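Notes for the one structure printed next.
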DNA sequence: ACACTTATGTGGATGCTGTCCACATAAGGG
DNA sequence: CCCTTATGTGGACAGCATCCACATAAGTGT
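Residue numbers (the numbering used here), protein chains in the order written: chain A, 2 to 211; chain B, 2 to 211.
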């Protein structure tokens with residue numbers, strides 16, 4: 002959108018950020034493959050090579066975009082939790098928060114499929130590394146939000162203690178799998194109500210299986 | 002591997018198949034993005050443009066590779082089921098066959114990650130379309146193998162009837178999610194025993210939640 | 001046997017990409 | 001005020017997908 006503003010100064014002033022934002026915009030509409038170095042520099046109104054002063058290569062830019070997308074995912078999940086109506090019963094609250102983790106995750110995947118795919122492109126190990134960058138406003142990464150929700154469930158006795166260890170990976174798998182099948186798998190093109198229903202069914206099943 | 006055999010005849014004889022095999026080989030080592038038209042023609046010992054007599058464009062080749070990979074996945078799943086020791090109890094047999102669907106799927110993902118990723122690249126709708134091409138020796142696609150296993154469970158009373166509809170998508174989500182997280186998500190690099198353990202835990206959870 | 005049509009492969013060109021090298025221009029520090 | 005360092009530019013190269021015109025073989029009907 003932002004046509005190259007034809008800057009007058011030789012220095013751009015904030016190129017790294019501009020390239021990152023252009024990259025995010027490209028990823029939003031076309032996924033990680035659409036993050037094209039030259040196009041990003043074009044949008045920043047700068048020559049292609051200027052990018053190499055801020056990113057080692059295209060992969061470095063894509064990786065930065067990926068972290069940004071992961072943070073956006075975390076924010077969406079936080080928002081989903083924040084929107085929850087207050088509940089008195091701690092067990093009910095814990096369950097609602099847990100479910101919000103899943104619904105927020107899947108909501109993001111469906112509304113921002115390009116960013117979602119970018120978030121999981123070359124994701125090294127978002128379990129621990131670079132946690133600060135890929136966190137939401139609350140400082141937690143998507144993975145940490147899930148872990149916290151599971152901890153709550155466990156402390157309410159809603160997960161047998163012996164099954165708590167490693168549960169994040171199992172639960173994450175289920176939710177992530179549905180996300181992937183919905184956005185570019187065989188469930189792509191499912192209409193909103195059906196996708197929401199599938200989400201509900203999946204989380205129901207997870208709760209039973211925990 | 003097969004260096005261009007420097008054919009003598011003007012016609013190649015079986016170019017389409019040769020390109021497809023080269024494409025599969027490329028996908029095997031580098032995933033769908035590694036399926037490069039020019040490289041495939043190079044391996045077939047033919048000029049780049051010759052490919053366009055057999056595939057509309059690169060995407061068409063990748064799609065053909067994808068179907069091939071899906072069939073390979075089906076074969077691996079069939080093999081996993083075929084390896085099962087015979088059991089008398091029909092319920093136990095149904096459970097074993099169901100678990101084999103999941104373990105076969107995950108085994109393929111871990112041993113052939115490139116092909117696995119290719120299989121799910123641009124997968125349109127493998128639920129119904131092009132079933133014949135992407136099936137294994139038994140004529141069933143991966144999705145159909147799962148559906149059949151679920152039908153068996155249901156007829157043994159191991160799934161409450163009201164939960165049978167749509168169960169394939171839920172189960173598929175869980176297994177697929179773990180596969181994705183294992184091969185290029187945060188669980189990548191998990192060693193074999195741990196990956197196997199995660200598989201077991203996941204399928205346990207699915208059985209409880211069905 | 002011969003001409004015609006169709007299928008298949010080749011060569012050359014275009015425009016896109018990522019990336020390298022040499023150079024230009026500014027900003028800041030002594 | 002000069003020198004170093006950071007940042008941006010220009011030109012080049014190789015690799016890619018794809019298009020067009022052309023070449024060569026294989027059939028096909030007469």
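The beta carbon of each residue, even a glycine, is placed where N, CA and C say it ideally should be.
Keep in mind the model is a prediction, meaning the values are calculated, not measured.
Query: Residue-level contact to chain A via CB, residue 32 of chain B, 7 angstroms cutoff; Result: no
Query: Status (buried if at least 16 other CB within 10 Å, exposed otherwise) for residue 187 of chain B; Result: buried
Query: Cβ of residue 178 of chain B within 7 angstroms of any chain A Cβ; Result: yes
Query: Residue 2 of chain A, DSSP secondary structure in three states; Result: In this predicted model, residue 2 of chain A has a pLDDT of only 40, less than 50, meaning its place in the structure is not dependable; the value taken from the coordinates is given anyway. Coil, per DSSP.
Query: Collapsed DSSP secondary structure at residue 192 of chain A in the structure displayed; Result: coil
Query: Alpha carbon of residue 10 of chain B to alpha carbon of residue 16 of chain B, nearest angstrom; Result: 12 angstroms
Query: Partner residues on chain A for residue 182 of chain B, Cβ-Cβ distance less than 8 angstroms; Result: 170, 173, 174, 177
Query: Any chain B beta carbon closer than 7 angstroms to residue 96 of chain A; Result: no
Query: Alpha-carbon to alpha-carbon, residue 178 of chain B and residue 181 of chain A; Result: 8 angstroms
Query: Where residue 137 of chain A falls: helix, strand or coil (DSSP); Result: coil
Query: Residue 37 of chain B beta carbon less than 7 angstroms from that of residue 28 of chain B; Result: no
Query: Reduced DSSP secondary structure (H/G/I, E/B, other) of residue 211 of chain A; Result: coil
Query: Cross-chain neighbours of residue 167 of chain B in chain A, by beta carbon under 8 angstroms; Result: 199, 202
Query: Interface flag, residue 206 of chain A vs chain B, CB-CB below 7 angstroms; Result: yes
Query: Inter-residue spacing [alpha-carbon to alpha-carbon] between residue 151 of chain A and residue 199 of chain B; Result: 17 angstroms
Query: Pairwise C-alpha distance: residue 21 of chain B and residue 209 of chain B; Result: 42 angstroms
Query: Chain B contact residues for residue 121 of chain A, given Cβ-Cβ distances below 7 angstroms; Result: 186
Query: Beta carbon proximity, residue 137 of chain B to chain A, threshold 7 angstroms; Result: no
Query: Partners in chain A for residue 108 of chain B, counting only beta-carbon separations shorter than 9 angstroms; Result: Within 9 angstroms Cβ-Cβ: nothing; residue 108 of chain B doesn't reach chain A, min ~16 angstroms.
Query: Residue nearest to residue 201 of chain A in terms of C-alpha spacing, selected from B/135, B/109, B/62, B/170; Result: B/170
Query: Closer than 7 angstroms at the beta carbon, the chain B residues around residue 115 of chain A; Result: Result: empty, since nearest Cβ-Cβ is about 15 angstroms, beyond 7 angstroms.
Query: Neighbourhood of residue 25 of chain B by C-beta distance below 6 angstroms, restricted to the same chain and skipping five residues each side; Result: 66, 69
Query: Secondary structure of residue 48 of chain B, DSSP reduced to three states; Result: coil
Query: Listed by chain order, chain A residues near residue 209 of chain B by CB distance under 7 angstroms; Result: 209, 210
Query: Residue range of the alpha helix (DSSP H) that includes residue 163 of chain A; Result: Here residue 163 of chain A belongs to no alpha helix (DSSP H), and DSSP marks it neither H nor E.
Query: Whole-angstrom distance between residue 75 of chain A and residue 1 of chain B, CA atom to CA atom; Result: This structure gives no information on residue 1 of chain B, because the portion of chain B shown stretches from 2 to 211.
Query: Option in B/203, B/33, B/104 with minimal Cα separation from residue 1 of chain B; Result: With chain B running from 2 to 211 in the structure shown, residue 1 of chain B is simply not present.
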